[in-house]
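Structure record follows, encoded as structure tokens.
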Amino acid sequence: MNDMAKIVRNGTRQSVELPEGFGFDGDEVHVRRDGARIVLESAGEIDADTGLPMETLRALIQEGLDSGPSEVWDTEALKREMRARLK
0 MNDMAKIVRN GTRQSVELPE GFGFDGDEVH VRRDGARIVL ESAGEIDADT
50 GLPMETLRAL IQEGLDSGPS EVWDTEALKR EMRARLK
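Position 85 of the sequence shown, counted from 1, bears residue number 84 in numbering that gives the first Met the number 0, the numbering being contiguous throughout.
Here it is as structure tokens:
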């Protein structure tokens with residue numbers, strides 16, 4: 000699907016008018032670059048502390064729960080691993 004969006008300029012700022020079907024709920028989105036692309040993600044779906052998608056964090060939590068109560072979680076290692084996977 001190659002829908003086009005209109006860029007609106009106001010001084011040094013730009014905004015994008017998204018086509019129908021591409022809208023977001025809420026008033027804010029997270030913005031990041033992925034190579035030459037600019038990616039918008041719903042603010043409600045990204046963890047503010049890690050920058051990771053909530054779905055990814057839920058999977059990590061489930062993985063930890065499935066590993067049994069005797070396993071100690073190295074949360075910093077988990078964050079590093081997930082950041083590396085998302086790059």
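For glycine and all other residues, C-beta sits at the position ideal for the given N, C-alpha and C. On a predicted model such as this, the values are computed, not experimentally measured, just so you know.
Every beta strand (DSSP E) stretch that sits fully inside the stretch 36-83 and reaches 3 residues is listed by chain position as 36-41. Listed in chain order, the non-local C-beta contacts of L59 below 8 Å within the same chain comprise L77 and M81, local neighbours out to five positions each way being set aside. The stretch 17-26 makes contact with the stretch 40-49; the number of CB pairs closer than 8 Å reaches 3 or more. A distance below 7 Å separates the beta carbons of A4 and E16. V38 has its alpha-carbon roughly 31 Å from the corresponding atom of W72.
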